[in-house]
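What follows is a short report on a single structure.
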Amino acid sequence: MKEIKNITRSRAQESSAAIERLYITMRHLFNRGFYKPMGVSGDTLRESLVQLRPEIYGTIAEEKVELNGLLYVIERLPVGIEECRFINLTSDEGYSKSHFKAIVPPKRKRNCYRIDDEQMNVEITRGRSDIYDILTHLTFIFIESHKIKDSVLLDENGEVTRDWEKLEEVVTQSKKLSQNDKEKAISHVSNILGRSFIEILDIYDAFGTAEKPDRFLHVIYWLGKLALEEVLENKKRTITFSPILRERLGHHIHGEIWATNIKEVLRDNDLLNRPIHIISANMHSVMNSIFATHVLKTKFKDKSDFFIFEELSKAGANEVRDKVEEFAKQHGMISLPDTSGTNIDVQIFDTAKIDWKKSAFPKAQPGENMPVIIVMDYAFGEQAYETVDELLKPYKESKDKKVLLNVVSVSIMGKAGILEGGKGDIMIPSAHINEGTADNYWFDNELTADMFEGNDIAVFAGPMVTVLGTSLQNKDLLKFFHDSTWGVIGLEMEGAYYQKAIQSASRIRKSINPDVKVRYAYYASDNPLETGSTLASGGLGTTGVKPTYLITIKILEQIFNVK
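Residue 510 in the numbering used here sits at position 241 of the sequence shown; the count goes up by one each step and never skips.
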């Protein structure tokens, strides 16, 4: 009799299944319209997240509270959300016209509105990825809040530890904390969180704002307080999805408005029929790469271009940034701050108005039909498909007349996680693999690794995986992608969606040139396979400046035909 092989699942397979379960559950809860994260309806989300143990959520599966992960999440959620029992995810439903003041998280562009003491409304205008992002973050902080509750609750009658009582005294008083009071509070909080005094002291100020320097204590207190109320008073936290959000999601409403605005500006400036190059990047690197060295040459005499770029990237450099922007506007740049709800600002460069001698590209040979460059700020996840798909559609000049855009190239420059190497290194993809689907996008990349050699920055080339959310990545799954025949060099959230939009427009719909050129290059923001190098370990600082501008300059050299 043939022996039956004992089949065991690897951690990578378990993680893959956990991600799939998370997404199916989130879609189900969205269709249902509401759920209680720490109730029965939130069980699957919590269990899957704990099983997955994503890298940025650190010690989520342990008893002690995760500090770096908490900071990462709090920076991406609106100030005050930890105090709210009711979180309502809405579409753009007109709150900007109300007396409510928009709260924008420091590290994630989304408008949020504090309706009252108990309710926070969060506007979702960037598609499903935005919902997945916020739900995983909320699930994480609610799990952490119950760890705080477990450590301070002594019995079912509501008796709490002395440490909790002391923290409550500090948080509920209104006077400014002295250094002595602050350290006493940290001592009590270290017992509550199962963390050392020095660990908390190291991260304390990162939570603070100008208005609330001691916000760390408030966040811990309110998370614990709401968890205690759930258990002792049955006051369950609830997340709801507005009917209008459920109705609008997936219909490209914001993307269509955004793309139409751009095309109307092109029409109004007589640029609609010119060769168009689209670049997805930040709102400074293209402008600075073309104009900054000329504008600031006297201020930064004998300094290298990269020194100037670093100075421009520093906090508080508004004066020099404004100077470059003013010059750019006088030489062909049109600025389009977003009004559509996509949160994607745009710049349009009319190269016919650039004085090449007053630029960083004096040898530019852009051709007789001077190209137009459209720079769009970073999209978020699936939103990349919505926006580029709409942008590449013909412009409806009238009911019967459509104008096809002469799109010559689409270039994508962005941040990504790297699977070999470290922060600031460069990745040149040869394909995008869409995680959780059978979609794979191979393409001819106009940028090659050789172009970046000799700049003291490591360069890697190969396939990259487009992940469903950076907050769901774990080492085992990424190690599988890297070590198996997939040979993946990095991960990001938009590549496959950009390429899907480009391929459908160029090869199927025939709305743009089938031979449109594509360029993809990323610089590393983190290495999730290395402990201490994940996204939760902090930002790039000026490490990202050199690779950002190297990539931008290589893209512009190709557009400007610099030999």
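Ideal Cβ positions, reconstructed from N, Cα and C, are used throughout, including at glycine.
Assigned exposure category for residue i - 16 Cβ within 10 Å defines buried
i: Thr507; result: buried
i: Arg788; result: buried
i: Phe576; result: exposed
i: Gln442; result: exposed
i: Phe466; result: exposed
i: Pro323; result: buried
i: His701; result: buried
i: Val513; result: A small fix is needed here, since residue 513 is Ile in this sequence, not Val. By the 10 Å Cβ count, Ile513 comes out exposed.
i: Glu595; result: exposed
i: His297; result: exposed
i: His487; result: buried
i: His368; result: exposed
i: Ser478; result: According to the sequence displayed, residue 478 carries Thr and not Ser. Thr478 is exposed by the Cβ-count criterion.
i: Thr567; result: exposed
i: Ile288; result: buried
i: Asp624; result: exposed
i: Asp312; result: exposed
i: Leu688; result: buried
i: Ala597; result: buried
i: Lys823; result: buried
i: Asn503; result: exposed
Residue i to residue j span [Cα, whole Å]
i: Ile469; j: Phe578; result: 35 Å
i: Val421; j: Ala454; result: 15 Å
i: Ile771; j: Val657; result: 7 Å
i: Ala730; j: Lys769; result: 21 Å
i: Lys670; j: Gly308; result: 55 Å
i: Gly396; j: Phe630; result: 38 Å
i: Thr620; j: Gly601; result: 6 Å
i: Thr408; j: Ile356; result: 12 Å
i: Thr706; j: Phe712; result: 18 Å
i: Lys370; j: Arg383; result: 8 Å
i: Asp450; j: His457; result: 11 Å
i: Arg431; j: Asn743; result: 37 Å
i: Val493; j: Leu291; result: The question names Val, but residue 493 in the sequence shown is Gly. C-alpha separation (whole angstroms): 25 Å.
i: Pro374; j: Asn638; result: 42 Å
i: Thr739; j: His406; result: 11 Å
i: Val757; j: Leu746; result: 11 Å
i: Ser285; j: Ile697; result: 25 Å
i: Tyr767; j: Glu704; result: 14 Å
i: Ile350; j: Ile681; result: 34 Å
i: Arg315; j: Asn337; result: 19 Å
i: Leu737; j: Gly764; result: 11 Å
i: His521; j: Lys444; result: 48 Å
i: Ala550; j: Thr328; result: 33 Å
According to DSSP, residues forming a beta bridge with residue i
i: Asp619; result: Val641
i: Lys684; result: Tyr792
i: His546; result: Ile642, Ser678
i: Ser604; result: Gln616
i: Gly759; result: Ile687, Met733
i: Tyr323; result: At residue 323 the sequence reads Pro, which differs from the Tyr that was named. In DSSP, Pro323 forms no bridge with anything.
i: Ile508; result: Tyr304, Ile356
i: His521; result: Note: His521 sits in no beta bridge, so no partner.
i: Asn703; result: Thr735
i: Met295; result: Per DSSP, none; premise fails for Met295.
i: Asn714; result: Val787
i: Met696; result: Phe729, Tyr791
i: Asn709; result: Ile702
i: Tyr654; result: Note: Tyr654 sits in no beta bridge, so no partner.
i: Leu422; result: Val429
i: Val672; result: Tyr664
Neighbourhood of residue i by C-beta distance below 7 Å, restricted to the same chain and skipping five residues each side
i: Asp614; result: Met552, Leu605, Pro606, Asp607, Asp646
i: Arg776; result: Pro783
i: Asn390; result: Asn357, Thr359, Tyr364, Cys381, Tyr382, Ile384
i: Lys418; result: Gly493, Ala496, Leu497, Val500
Cβ-based neighbour list, residue i, same chain, cut-off 6 Å, excluding 5 preceding and 5 following
i: Val334; result: Glu413, Lys416, Leu462
i: Gln652; result: Arg395, Gly396
i: Val679; result: Ile547, Ile771, Val787
i: Phe829; result: Phe630, Ala633, Pro635
i: Phe510; result: Phe299, Gly302, Leu358
i: Phe750; result: Val734, Val757
i: Ile695; result: Phe721, Ile726, Val728, Tyr792, Pro816
8 Å Cβ shell around residue i - same chain, five flanking residues per side excluded
i: Glu666; result: Arg536, Val672
i: Ala528; result: Thr656, Glu659, Leu660, Lys662
i: Lys592; result: Val564, Leu565
i: Lys435; result: Lys453, Ala454, His457
Secondary structure, beta strand (DSSP E): runs of 3+ residues fully inside the region 352-410: The region 352-410 contains these whole beta strand (DSSP E) runs: 355-359, 381-383, 388-392.
Complete alpha helix (DSSP H) runs within the region 426-500 (minimum length 4 residues, chain order): 431-441, 448-462, 466-476
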